[in-house]
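Below: one structure, written as structure tokens.
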Amino acid sequence: MPKRLIYTCLITTAILYSCQSGSTEEATTAPEAMQQAEVQPLSFRSQTVSRRSSYCGQSPEACAEATITYLEAFGGSEELRQRINKFLEQNIMRLLLDYNPDADTSAVGKKAAVTVAEAFVKAQEDFVREMDEIPASAAWELQLEVQPLFQSDSVTTILSSYYAYAGGAHPNSYISLQSFEMEGKKLRPADIVTDTLQLKQMVEQEFRRVREIPTGQHLSEAGLFLEDNQLPLPQEMGLTAQGLSLYYNAYEIGPYAFGATDLLLPYPQLHGLLRSKYRPR
């Protein structure tokens, strides 16, 4: 998976004074304006935490491995940076509840990734320890990679890719997409487009095209779990360099066998619907 070369930014401020005949006054540039001008662009540092179970040295069939590649935001406005970092930490810590419902989810930064990786490995070790012999389902695996998918003057989009096998009938995976405006607010569909009903119509048209479902056929007849045969907007969507990316994870609108659905509405198609601040320049 691609790695990102990240740089760390320092913010400096200065106040200038000038002396004129008989009076002293501040320079015309206010300190706040200078701070704004000298704020460095938002950037990210990527780090990886890996853990392996104690059984890995004994048998590959009993090995559990957890690898979490996470981000830490630098630069940008303080509010944007803090909100993104909090979102990233919460995204990681939510995984902990899968293996310990009573866990403390307050860990931050690198500690969040370490906590989740170690909890996953411990859960597998406890599982194997309770067995009389090593079961075929003992080779557990967890992979989480978080990366900046897109950055512009008005928006930043974060992509999280998750895969885990923990002894069940099949592995589970999902994609998470979240866009932030530069003030730090998480963008919802209504923040991105002027008409969410029109967006739903466009999404359904693209969904039918990708899934090869004829226009006259009810979506429920294709095996989807829908109320009133209405396709909802996916939980995961975000702005990218190409347009609006939309992702239906497995189980979101259908059975596991139906799988995930990845859609893209290009900017030219969205031009009249997209709010002006998010249109490419």
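Going by the UniProt record's numbering, the sequence shown opens with residue 1, and the numbers climb by one from there.
For every residue, glycine included, the Cβ atom is placed at its ideal position computed from N, Cα and C.
Just so it is clear, the structure is predicted and the values come from calculations on it, not from any experiment.
- prompt: What residues in its chain sit with their C-beta under 6 Å from that of LEU95, if we drop five residues either side in the sequence?
  reply: Cβ within range, chain order: VAL116.
- request: Drop a sphere of 10 angstroms on the beta-carbon of GLU183, count the other beta-carbons inside from all chains shown, and report buried for 16 or more, exposed for fewer.
  value: exposed
query: Less than 8 Å separating the beta-carbons of LEU239 and ILE192?
result: yes
Sequence-distant residues of its chain with Cβ nearer than 7 Å to CYS63 (five each side left out): ARG52, SER53, TYR55, CYS56 and ALA139
- request: Return the Cβ separation of TYR162 and SER173 in integer angstroms, given the expectation that the two are a contact with Cβ distance under 8 Å.
  value: 6 Å
- prompt: In chain order, what residues of the same chain lie with their CB nearer than 7 Å to the CB of LEU177, ignoring the 5 residues before and after it?
  reply: THR157, LEU159, GLU236, MET237, GLY238, SER245 and TYR247
message: On the CB-based measure, 16 or more other CB atoms within 10 Å of its CB, does THR194 come out buried or exposed?
response: That one is exposed.
message: In the DSSP output, what is ALA64 paired with across the bridge?
response: For ALA64, which the question treats as bridged, DSSP gives no partner whatsoever.
message: Please classify PHE225 as buried or exposed, where buried requires at least 16 other C-beta atoms within 10 Å of its C-beta.
response: Result: exposed.
CA-to-CA distance, GLU130 to TYR99, given in whole angstroms: 16 Å
Validate contact between the segment 265-276 and the segment 194-208 using beta carbons, cut 8 Å, 3 pairs: yes
query: Whose C-alpha, out of HIS170, SER46, LYS122 and LYS185, is nearest the C-alpha of PHE87?
result: For the residues HIS170, SER46, LYS122 and LYS185, the minimum Cα distance to PHE87 belongs to LYS185.
Best match in GLN58, LEU233, LEU270 and ARG81 for proximity to GLN242 [C-alpha to C-alpha]: LEU270
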